[in-house]
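Peer 1:
In our numbering, the protein residues as written are 11 to 59.
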């Protein structure tokens, strides 16, 4: 998965606000292609997007 960076944040509650760092390009929560189980079968560097 060369070239892919994923960051997680743990909040006290779902509606808690936080500052998104400038280097964050896209929110991928819930996007199944970013799940570890899918990344192990279909690495990021093989995506055709």
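The beta-carbon is built from N, C-alpha and C at its ideal position, and this holds for glycine as well.
Tell me whether the beta-carbon of residue 16 lies closer than 9 Å to the beta-carbon of residue 44.
Peer 2: yes
Peer 1: At what residue ranges does the segment 30-59 contain a whole run of the alpha helix (DSSP H), taking only runs of 4 or more?
Peer 2: 46-51
Peer 1: Hey, would you say the C-beta of residue 38 is under 8 Å away from at least one heavy atom of the ligand MG?
Peer 2: Of ligands this structure carries none, so the ligand MG is not represented either.
Peer 1: Hey, how far is the Cα of residue 48 from the Cα of residue 42?
Peer 2: 7 Å
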